[in-house]
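In this note's numbering, the protein residues as written are 498 to 798.
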Amino acid sequence: MLHSTGWVKFHVVFGRLKVVPGQPRIHQQVQRADPSGMRDESLAVDVQHGATEASYLLDSPQERVSLECHATGQLLFRCEQKQGPRRIVELSQPATGPLRLVVETDSRRVFETDNLWSLALVEPEMCDNYLAPALQRALPALRVTEMRGQVVSELFRLSRESRPCRQRVEELVGELGAKRYSTRQHAEADLKSLGPGVLPFIQQIPERHLDAEQRQRIERIRRHYHVNAPDCCERVAAWLASRPTTWLALMRDEEPMRRKLAYAALCASCGEQRTLEFHPSGDHDLRRRQLDKLHSQLATN
Numbered sequence: 498m499l500h501s502t503g504w505v506k507f508h509v510v511f512g513r514l515k516v517v518p519g520q521p522r523i524h525q526q527v528q529r530a531d532p533s534g535m536r537d538e539s540l541a542v543d544v545q546h547g548a549t550e551a552s553y554l555l556d557s558p559q560e561r562v563s564l565e566c567h568a569t570g571q572l573l574f575r576c577e578q579k580q581g582p583r584r585i586v587e588l589s590q591p592a593t594g595p596l597r598l599v600v601e602t603d604s605r606r607v608f609e610t611d612n613l614w615s616l617a618l619v620e621p622e623m624c625d626n627y628l629a630p631a632l633q634r635a636l637p638a639l640r641v642t643e644m645r646g647q648v649v650s651e652l653f654r655l656s657r658e659s660r661p662c663r664q665r666v667e668e669l670v671g672e673l674g675a676k677r678y679s680t681r682q683h684a685e686a687d688l689k690s691l692g693p694g695v696l697p698f699i700q701q702i703p704e705r706h707l708d709a710e711q712r713q714r715i716e717r718i719r720r721h722y723h724v725n726a727p728d729c730c731e732r733v734a735a736w737l738a739s740r741p742t743t744w745l746a747l748m749r750d751e752e753p754m755r756r757k758l759a760y761a762a763l764c765a766s767c768g769e770q771r772t773l774e775f776h777p778s779g780d781h782d783l784r785r786r787q788l789d790k791l792h793s794q795l796a797t798n
């Protein structure tokens, strides 16, 4: 129903769910009941002045699926399996701040993340077995597992290439505010030429440190890479490649060569001054201990 009405669409943009209204102004609701009375489905959408509210519910003897979107930007998704083993998946996304995923079976697990793709990389089994199937019930277009596989392949491809470094990006951002017009022009062109991997760096620079010209040119760079468009594997991979946690997750891969590539990429992203001990060809227990140590080491630096 969410898809068939066309009133709203849901995309993932930089790892966060984004609701996109089908029209500038909507006030609609619909309810469908199965003739047997065993299945009810309802949807209400209100779009006014750029703010979107949507409420979706699917209720049957097998499951109960709900999705609430508030004008503030808050989103809450819940999928409960009524028959068989206990299974509840709940994803809450505030207007700003980390997403929170709760999975309840015979135990209760809670995950927090700033984006869905990092969570899918770090917790692939949880993603495949719980999050992705639950989201498919209401939002079948969000193929989280398929996208994760594409992102992983793209990350390993990127691991063989040079990527933008923070220092170079910050230097070019500084040149966006240079006195000479030609310097500003060349800096903007150079930033665009570095690819979408510059986005995580420029988005971390506080606006208060930028003058009006720098902010204007950075906004042009953001538009150049369609920052409000739905995520694609190339952009997500370029964005996640700057995060050490991405490569730590990929260092758990079953293939030694891929572990070696991820380890090299981690070292490159952390800088040569770090000593990061890891043996890609070591046995499972050794690698697990080394990864635990690296997680602690990188979390405190």
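Just so it is clear, CB atoms sit at the ideal spot from N, CA and C, and this is done for glycine as well.
Residue environment analysis places G503 among the exposed positions, since fewer than 16 neighbouring C-beta atoms fall within 10 angstroms of its C-beta. Counting other Cβ atoms within 10 Å of its Cβ, D780 stays below 16 and is therefore classed as exposed. Two segments are said to touch when three or more pairs of C-beta atoms, one from each, lie closer than 8 Å; by this definition the segment 729 to 738 does not touch the segment 704 to 711. Straight across, the Cα-Cα distance linking Q590 with A617 is about 16 Å. Within the DSSP bridge table, the entry for F653 names no partner. It is roughly 21 Å from the alpha-carbon of D611 to the alpha-carbon of N626. Taking every protein chain shown into account, the CB of M748 has 16 or more other CB atoms within 10 angstroms, so this residue is buried. G512 and V733 have their C-alpha atoms some 8 Å from each other. Counting along the chain, no alpha helix (DSSP H) covers E601; the unbroken beta strand (DSSP E) around it starts and ends at L596 to E601. As the crow flies, the alpha-carbon of V509 is around 36 Å from that of T680.
For T549, the enclosing beta strand (DSSP E) covers residues A548 to D556. In this structure, the alpha-carbon of L598 lies about 24 Å from that of A726. In the three-state DSSP reduction, T680 falls in the helix class (H, G or I). Within the same chain, F507, L572 and Q590 come within 7 Å of L514 by CB-CB distance, once the 5 residues on both sides are set aside.
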